[in-house]
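**Q** First the structure, which I've put down as structure tokens, then a few questions once you've had a look.
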């Protein structure tokens with residue numbers, strides 16, 4: 024396993040927001056990380072609010088982000104213009120090797136207390152006959168699948184599963200006996216190594 028740390032980013036509100044607002048207008052968005060990511064409003068406040076950022080508007084003014092309020096057990100609040108929004112924690116990347124994506128196998132990875140942003144795969148070479156499907160689970164709960172399509176497979180082929188949708192709460196790992204289950208179905212042929220990247224935010 025290899026781990027890499029990515030840097031934190033921040034911006035500021037350009038208008039007051041209510042406790043119900045899900046579109047937040049901010050100074051700039053170009054430097055913000057790829058969604059989804061966790062951010063904290065007014066981190067120096069005695070009761071800051073954590074939000075899950077699900078979309079970033081980088082093309083039109085006024086710049087804005089779309090959020091899910093009151094993440095991680097915090098409380099949605101009224102926040103005033105110029106309040107700081109800071110990326111929560113530092114994104115970390117861990118990689119795990121699948122010896123052969125064309126053979127049915129399972130990898131179990133112990134997980135820290137974190138939010139998983141995405142899981143991605145990269146292929147070492149072309150596969151044939153059928154697609155390779157990789158199922159990602161939190162313990163025994165499916166988070167979704169990654170399909171490595173035969174037709175487009177080649178060395179460097181990248182596929183990913185992003186944290187989104189109605190099951191987004193499942194992408195939080197509690198750090199107590201939680202693990203990620205990575206399972207290949209053996210649907211393809213051609214012995215090809217694959218790397219699985221898990222991008223996550225400890226908290």
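In my numbering, the protein residues as written are 24 to 226. Just so you know, even glycine gets a beta-carbon here, dropped at the ideal spot from N, CA and C.
What residue range does the beta strand (DSSP E) around residue 48 cover?
**A** Segment 46–48, the beta strand (DSSP E) holding residue 48.
**Q** Which value, in whole angstroms, describes the spacing of the CA atoms of residue 180 and residue 151?
**A** Residue 180 and residue 151: Cα-Cα distance of roughly 14 Å.
**Q** Can you tell me where the beta strand (DSSP E) with residue 215 in it begins and where it stops?
**A** Here residue 215 belongs to no beta strand (DSSP E), and DSSP marks it neither H nor E.
**Q** Using only CA atoms, which one of 190, 155, 146, 173 lies nearest to residue 166?
**A** Of the candidates 190, 155, 146, 173, the one whose C-alpha sits nearest the C-alpha of residue 166 is 190.
**Q** According to the neighbour-count rule (16 or more other Cβ atoms, all chains shown, within 10 Å of its Cβ), is residue 90 buried or exposed?
**A** Residue 90 is buried by the Cβ-count criterion.
**Q** Please determine, among 169, 107, 76, 121, the residue with the shortest C-alpha to C-alpha distance to residue 154.
**A** Looking at the Cα atoms, 169 is the closest of the given residues.
**Q** Between the segment 172–186 and the segment 108–119, do at least 3 Cβ pairs fall closer than 8 Å?
**A** Output reads no: the segment 108–119 does not touch the segment 172–186.
**Q** Between residue 171 and residue 124, is the Cβ-Cβ spacing less than 9 Å?
**A** Yes; because the gap between Cβ atoms is below 9 Å, this pair is in contact.
**Q** Within a Cβ cutoff of 7 Å, which residues of the same chain sit near residue 51, ignoring the five residues on either side of it in sequence?
**A** Hits under 7 Å: 34, 86.
**Q** Tell me the DSSP bridge mates of residue 150?
**A** Residue 150 pairs with nothing; no bridge assigned.
**Q** What whole-angstrom Cβ distance do residue 72 and residue 99 have, given they're in contact under 8 Å?
**A** That belief holds up - the Cβ atoms of residue 72 and residue 99 are roughly 6 Å apart, short of 8 Å.
**Q** Taking just the CA atoms, how far does residue 121 sit from residue 220?
**A** Looking at the two C-alpha atoms, the distance is approximately 11 Å.
**Q** Between residue 40 and residue 108, how many whole angstroms is the CB-CB distance? I'm expecting something under 8 Å.
**A** Contact doesn't hold; Cβ gap of about 10 Å is too wide.
**Q** Which value, in whole angstroms, describes the spacing of the CA atoms of residue 207 and residue 80?
**A** About 36 Å.
**Q** Report the rounded CA-to-CA distance for residue 197 versus residue 163, giving the unit in angstroms.
**A** Whole-angstrom Cα-Cα distance: 14 Å.
**Q** Closer than 8 Å by C-beta to residue 102: which residues in its own chain qualify, once you throw out the five before and the five after it? Chain order, please.
**A** Answer for residue 102: 36, 39, 40, 64, 65, 72, listed in chain order.
**Q** Between residue 217 and residue 131, how many whole angstroms is the CB-CB distance? I'm expecting something under 8 Å.
**A** That pair is no contact at about 16 Å.
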